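> Residue numbers (the numbering used here): 4 to 148.
Just so you know, even glycine gets a beta-carbon here, dropped at the ideal spot from N, CA and C.
These numbers come from a predicted model, not from an experiment.
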Amino acid sequence: MTKTIFVLNGPNLNALGKREPGIYGGKTLADIEADCKAAGLELGLEVDFRQSNHEGVLIDWLHEAGEKAGGVAFNAGAYTHTSVGLHDAIRAISVPVIEVHISNVHAREEFRHKSMIAPAVKGVICGFGPLSYILALQALKNITQ
Ligand code: CA2
4 MTKTIFVLNG
14 PNLNALGKRE
24 PGIYGGKTLA
34 DIEADCKAAG
44 LELGLEVDFR
54 QSNHEGVLID
64 WLHEAGEKAG
74 GVAFNAGAYT
84 HTSVGLHDAI
94 RAISVPVIEV
104 HISNVHAREE
114 FRHKSMIAPA
124 VKGVICGFGP
134 LSYILALQAL
144 KNITQ
């Protein structure tokens, strides 16, 4: 049976490709979604790709993933650095969650060095541009088979 992987995106990621290309590259979130769906086809994974600017919606989607998905690739955006609610939601589900970042957060401002969700996730992939998402899908394929 084909596994469904939720690829969840947090605040402002809908603005990708429109500003700050020096940090995040020129791809839009729709481009990244297309790349993830193509990689999913090759890996035998169904990709359910979503974005929200609202913390509670992301929490609801994590709970939904806990019921329906085989794993989650999660770019929580700025909530990565602030959200106890997302930390708790990841702990509340038993499917693996991989933290994803486009930029290398450790090479940026100090406030981005702390991740509230890192202690709750299976692993972290950051700094590879949009490729970070594909690496997360490959990792999920490996750890869930
Ligand atoms: O590198 C990443 O993937 C981040 O999760 C992106 C977040 C940032 O807050 C994290 O520290 C690292 C930002 C999302 C996109 O924000 C934009 C800001 C300006 C223009 C376009 C996107």
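1) Quick check: is the beta carbon of F131 nearer than 9 angstroms to any beta carbon in chain C?
2) Could you have a look at K125 and say whether DSSP puts it in helix, strand or coil?
3) Roughly how many angstroms lie between the CA atoms of S106 and G130, to the nearest whole one?
4) So what's T147 in DSSP terms, helix, strand or just coil?
5) Compare the Cα-Cα distances from G29 to each of G20, Q54, I35, I96 and report the closest residue.
6) Could you tell me which residues DSSP puts in a beta bridge with H104?
7) Write down every uninterrupted run of the alpha helix (DSSP H) in the stretch 35 to 120 whose length is 4 residues or greater and which is fully enclosed by it, in chain order.
In brief:
1) In the structure shown, chain C does not exist; there is a single protein chain.
2) coil
3) 4 angstroms
4) helix
5) G20
6) C129
7) 58 to 71, 87 to 94
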